[in-house]
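Following: one structure in structure tokens, then a few remarks.
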Amino acid sequence: MTEKTDLQLTRHQLYASVLADIAIAASLKVHDSSYVVSERWRDGSYGKLRDHWLNSNPSASVREAALGLASAGATALTRLSADRLCAIAGTYGFDLPDDLATAIAEHFAERRAQVLTYRR
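As structure tokens, this is what we get:
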């Protein structure tokens with residue numbers, strides 16, 4: 116199986132990868148504080164932080180707890196404004212560009228609106 120590059124990702128996949136990185140960073144602060152996120156995350160390599168951490172072989176209990184919290188966190192992040200996304204990302208060592216945060220916030224707001232329209 117080949118690894119997709121950022122250029123091959125759909126917009127939704129890229130945006131979900133960015134939110135997943137932020138969420139796993141927050142979760143690791145709680146469940147694996149010895150893992151230094153800022154040393155691992157590189158600008159433009161969205162979606163790789165989780166994989167790098169998993170490759171560091173955390174214990175099964177830590178892995179389960181951290182991934183559960185990160186999953187819930189990523190879902191919660193889809194509902195935030197661009198300003199809040201930037202602020203939260205900064206808290207965990209990510210420099211999230213304003214234009215990317217705006218695109219992410221607008222993308223997920225549009226998806227919610229589509230669901231609401233469909234359910235009417």
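Positions in the sequence shown are counted from 1; adding 115 to them yields our numbering.
All C-beta atoms, glycine included, are put in the ideal place defined by N, C-alpha and C.
Fair warning: this is a prediction, and the values are worked out from it, not measured in the lab.
For residue i, is the classification buried or exposed, using 16 other Cβ atoms within 10 angstroms of its Cβ as the cut-off for buried?
{"i": "R165", "result": "buried"}
{"i": "S142", "result": "buried"}
{"i": "L210", "result": "Note that residue 210 is Asp in the sequence shown here, rather than Leu. The residue in question, D210, is exposed, as its Cβ has fewer than 16 Cβ neighbours within 10 Å."}
{"i": "H175", "result": "Reading the sequence as shown, one finds Ala at residue 175 and not His. Flag for A175 reads exposed."}
{"i": "G202", "result": "With the sequence shown as reference, residue 202 is identified as Ala, and Gly is not the correct amino acid for it. A202 comes out exposed."}
Using 8 angstroms for Cβ pairs, my map puts residue i next to residue j. What's the rounded Cβ distance?
{"i": "A138", "j": "G188", "result": "4 angstroms"}
Does DSSP put residue i in a helix, a strand or coil?
{"i": "T193", "result": "coil"}
{"i": "Y161", "result": "coil"}
{"i": "G183", "result": "helix"}
{"i": "S142", "result": "helix"}
{"i": "A220", "result": "helix"}
{"i": "V151", "result": "coil"}
{"i": "N172", "result": "coil"}
{"i": "Y207", "result": "coil"}
Beta-carbon separation of residue i and residue j under 8 angstroms?
{"i": "L192", "j": "H146", "result": "no"}
{"i": "A140", "j": "G205", "result": "no"}
{"i": "A224", "j": "D213", "result": "no"}
{"i": "A216", "j": "L200", "result": "yes"}
{"i": "R130", "j": "H222", "result": "The residue you asked about is not Arg; residue 130 is Tyr in the sequence shown. Going by C-beta atoms, Y130 is nearer than 8 angstroms to H222."}
Give me the Cα-Cα distance between residue i and residue j, rounded to the nearest whole angstrom.
{"i": "D121", "j": "H127", "result": "Confidence at D121 is low in this model, with a pLDDT of 49, below 50, so the placement of that residue should be treated as unreliable; the coordinate-derived value is given next. One C-alpha to the other measures close to 11 angstroms."}
{"i": "L182", "j": "L134", "result": "13 angstroms"}
{"i": "Q123", "j": "H167", "result": "20 angstroms"}
{"i": "L169", "j": "S132", "result": "15 angstroms"}
{"i": "V177", "j": "V152", "result": "16 angstroms"}
{"i": "K163", "j": "D136", "result": "7 angstroms"}
{"i": "L195", "j": "S171", "result": "30 angstroms"}
{"i": "T125", "j": "R226", "result": "14 angstroms"}
{"i": "T190", "j": "S148", "result": "22 angstroms"}
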